[in-house]
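*Asks:* Residues 128 to 204 (this note's numbering) make up the sequence shown, in order.
Think of the CB as a built atom: it goes at the ideal place given N, C-alpha and C, for glycine as much as any other residue.
For clarity, every value in this text was computed on a predicted model and none was experimentally measured.
Take a look at the following structure, please.
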Amino acid sequence: MREDYKKIKKLIERNDYFYNKKIIQKKEYVINSILFAEKLDKILNQDQREVVADFLSDEYSFVKFNLSVSILKAVPN
């Protein structure tokens, strides 16, 4: 559970980073934020355990960020 939490937290940080750099629009930023909040809620409530794919060392790769968001969206709620 702790690893999942850390990965979601890192995605939240990346979401903020890309929004502040104007790489993603406000709408996508908000949608991502809501998605991350839902995933954190599930992790914290232990209703459903989800594992996010491990990230490579390139912390702010936009392609990897989008892939991770897509993976989270693809997992059924």
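Assuming L162 contacts K200 (C-beta within less than 8 Å), just tell me the rounded distance between them.
*Replies:* To locate residue 162, count along the sequence shown from 1; it is residue 35. To locate residue 200, count along the sequence shown from 1; it is residue 73. Confirmed, Cβ separation roughly 7 Å.
*Asks:* Identify, in the order they occur along the chain, each residue of the same chain with its Cβ nearer than 8 Å to the Cβ of K153, setting aside the five sequence neighbours on each side.
*Replies:* Numbered from its first residue, the sequence shown carries residue 153 at position 26. Around K153: Y146.
*Asks:* I need the straight-line Cα distance from E130 to E155, nearest angstrom please.
*Replies:* Here residue 130 is taken as the residue at index 3 of the sequence shown, counted from 1. Here residue 155 is taken as the residue at index 28 of the sequence shown, counted from 1. Here the C-alpha atom of E130 lies approximately 25 Å from the C-alpha atom of E155.
*Asks:* When you compare the CB positions of V196 and N159, do they come within less than 7 Å of one another, or not?
*Replies:* As a position in the sequence shown, residue 196 is number 69, starting the count at 1. As a position in the sequence shown, residue 159 is number 32, starting the count at 1. Yes. Within cutoff.
*Asks:* Going by DSSP, what residue range makes up the alpha helix (DSSP H) through V226?
*Replies:* The requested residue 226 does not occur in the structure, where the chain is confined to residues 128 to 204.
*Asks:* Going by DSSP in three states, I150 sits in which element: helix, strand or coil?
*Replies:* Residue mapping note: residue 150 aligns to position 23 of the sequence shown, counting from 1. In the three-state reduction of the DSSP assignment, I150 falls in the coil class.
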